[in-house]
Amino acid sequence: MGKTALIVIDMINTYDHPDADQLLPAAETVVPVISGLLERARRQDAPVIYVNDNFGEWRSHHGELLDKALAGPHAHLVEPLVPDESSLFVVKARHSIFFETPLSYLLTQQGIDQLVLCGQVTEQCVLYSSLDAHIRHFDVTVPRDAVAHIHEDLADAALRMMERNMGARVCDSGELWT
Numbered sequence: 001m002g003k004t005a006l007i008v009i010d011m012i013n014t015y016d017h018p019d020a021d022q023l024l025p026a027a028e029t030v031v032p033v034i035s036g037l038l039e040r041a042r043r044q045d046a047p048v049i050y051v052n053d054n055f056g057e058w059r060s061h062h063g064e065l066l067d068k069a070l071a072g073p074h075a076h077l078v079e080p081l082v083p084d085e086s087s088l089f090v091v092k093a094r095h096s097i098f099f100e101t102p103l104s105y106l107l108t109q110q111g112i113d114q115l116v117l118c119g120q121v122t123e124q125c126v127l128y129s130s131l132d133a134h135i136r137h138f139d140v141t142v143p144r145d146a147v148a149h150i151h152e153d154l155a156d157a158a159l160r161m162m163e164r165n166m167g168a169r170v171c172d173s174g175e176l177w178t
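Residues in the sequence shown are numbered consecutively from 1, following full-length UniProt numbering.
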C-alpha cells in the first residue's frame, strides 16, 4: 500500500472569469472544509499538492498566481488555503490535473497511489481529474463537502459518475485523516 496525497484543485483563484458569480457561493462553503483537510493531512505528514490553472498566464509561476489571487477582491477565499513550505505545486492549463502536466511522474516518484481530490469545479476539473486518475490506476477519494460547483445538479451527477464509473470513494471530509 502506497501513500495518500491531498490534491487541491484550482483554489488559488482570482474568480475573475465568466462563471465566477455562480461558483462563488459554493466556494465560500468549501474553503473552511478544505482548510480543515489541509490541517489534518499536514498533521499526518500526508503530501499536499496544489494543481492550479494558469488562467492563460503562460509566463506565470505558482508564486505569481498566488500573489495575484491574494491581491484580488476574493482574497478571503485564498488566504486560508495558502500553500505552506512543504506543499508541492503543479501548474495546469486545461481541466484535468494530469493533462500535459508532470503530475503522474511526481506521484510515482513520491510513492503516491491514493489521491484525495478537493477544490473546484466538481462537474469540470474534479470530474475530469478523477477520470484521468482512474485510468492511471490511482485510487481516488472525493470528499463531497470539499468540492465546489457551478451547477448543483451537474455536480451531483458528477459525484455519482465518479463513484459508479470510476470506482471513486465519495465521502464526507470528516472521514479523512481523523
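Each residue gets a CB set at the ideal place from its N, CA and C atoms; glycine is no exception.
Output needed for G36: all residues of its chain with C-beta closer than 8 Å, excluding positions within five of it in sequence on either side, in chain order. As a position in the sequence shown, residue 36 is number 36, starting the count at 1. Taken in chain order, the residues that qualify are S173.
Is there contact here, the stretch 45 to 53 with the stretch 2 to 9, by at least three beta-carbon pairs under 8 Å? Of all C-beta pairs linking the stretch 45 to 53 to the stretch 2 to 9, three or more are shorter than 8 Å, placing the two stretches in contact.
Pairing CB atoms from the stretch 113 to 121 with CB atoms from the stretch 9 to 17, are three or more of them under 8 Å? The stretch 113 to 121, when compared against the stretch 9 to 17, does touch it at the 8 Å Cβ threshold.
So V33 is in the alpha helix (DSSP H); what residue range does that whole segment cover? Against the sequence shown, residue 33 aligns to sequence position 33. From DSSP, the alpha helix (DSSP H) with V33 extends over 20 to 43.
Straight-line gap, K68 to A26 (C-alpha atoms, nearest Å): Looking up residue 68 in the sequence shown gives position 68. Looking up residue 26 in the sequence shown gives position 26. Their backbone Cα atoms lie some 21 Å apart in a straight line.
Between the alpha carbons of R40 and L176, how many angstroms are there, rounded? As a position in the sequence shown, residue 40 is number 40, starting the count at 1. As a position in the sequence shown, residue 176 is number 176, starting the count at 1. When rounded, the distance between both Cα atoms is 8 Å.
Quick one: residues in its chain with C-beta nearer than 6 Å to the C-beta of F141, no 5 flanking neighbours on either side, listed in chain order? Taking the sequence shown and counting its residues from 1, one reaches residue 141 at position 141. Inspection of the sequence shows that residue 141 is occupied by Thr rather than by Phe. Hits under 6 Å: V116, R169.
Boundaries (first-last residue) of the beta strand (DSSP E) holding T141: For the purposes of this step, residue 141 is taken as the residue at position 141 of the sequence shown. Counting along the chain, the beta strand (DSSP E) containing T141 begins and ends at 139 to 143.
P83 classed as buried or exposed, judged by whether at least 16 other C-beta atoms fall within 10 angstroms: Taking the sequence shown and counting its residues from 1, one reaches residue 83 at position 83. Residue burial annotation: P83 is buried, with at least 16 other C-beta atoms found within 10 angstroms of its C-beta.
At 4 residues or longer, and completely inside the stretch 102 to 158: list those alpha helix (DSSP H) runs for me, N to C. The qualifying runs are 103 to 109, 127 to 135.
Tell me which residues share the same chain as Y128 and place their Cβ nearer than 7 Å to its Cβ, disregarding the 5 neighbours each side in the sequence. For the purposes of this step, residue 128 is taken as the residue at position 128 of the sequence shown. Annotation for Y128: H95, S96 place their beta carbon closer than 7 Å to its own, counting only its chain and skipping 5 residues before and after.
Looking only at its chain, what residues have a beta carbon closer than 7 Å to the beta carbon of Q124, apart from the 5 residues adjacent to it on each side? The residue you call residue 124 lines up with position 124 of the sequence shown. The answer, listed in chain order, is H95.
Going by DSSP in three states, D67 sits in which element: helix, strand or coil? On the sequence shown, residue 67 is found 67 positions in, with the first residue counted as 1. Three-state result, D67: helix.
What is the DSSP secondary structure of N52, reduced to helix, strand or coil? By one-based count along the sequence shown, residue 52 stands at place 52. Correct three-state label for N52: strand.
I'd like to know whether the C-beta atoms of A146 and V33 end up nearer to each other than 7 Å. Start at 1 with the first residue of the sequence shown, and residue 146 comes out as number 146. Start at 1 with the first residue of the sequence shown, and residue 33 comes out as number 33. Taking 7 Å as the Cβ cut-off, A146 and V33 qualify as a contacting pair.
Applying the criterion that 16 or more other CB atoms from any shown protein chain within 10 Å of the CB defines a buried residue, is D153 buried or exposed? Taking the first residue of the sequence shown as 1, we reach residue 153 at position 153. With fewer than 16 Cβ atoms within 10 Å of its Cβ, D153 is classed as exposed.
Any idea if D132 is buried or exposed, counting beta-carbon neighbours within 10 angstroms, 16 or more meaning buried? In the sequence shown, the residue the question calls residue 132 occupies position 132. In this structure D132 is buried. Its beta-carbon is surrounded by 16 or more other beta-carbon atoms within 10 angstroms.
Could you tell me if F98 is buried or exposed, where buried requires 16 or more neighbouring beta carbons within 10 angstroms of its beta carbon? Taking the first residue of the sequence shown as position 1, residue 98 is located at position 98. With 16 or more other Cβ atoms within 10 Å, it is buried.
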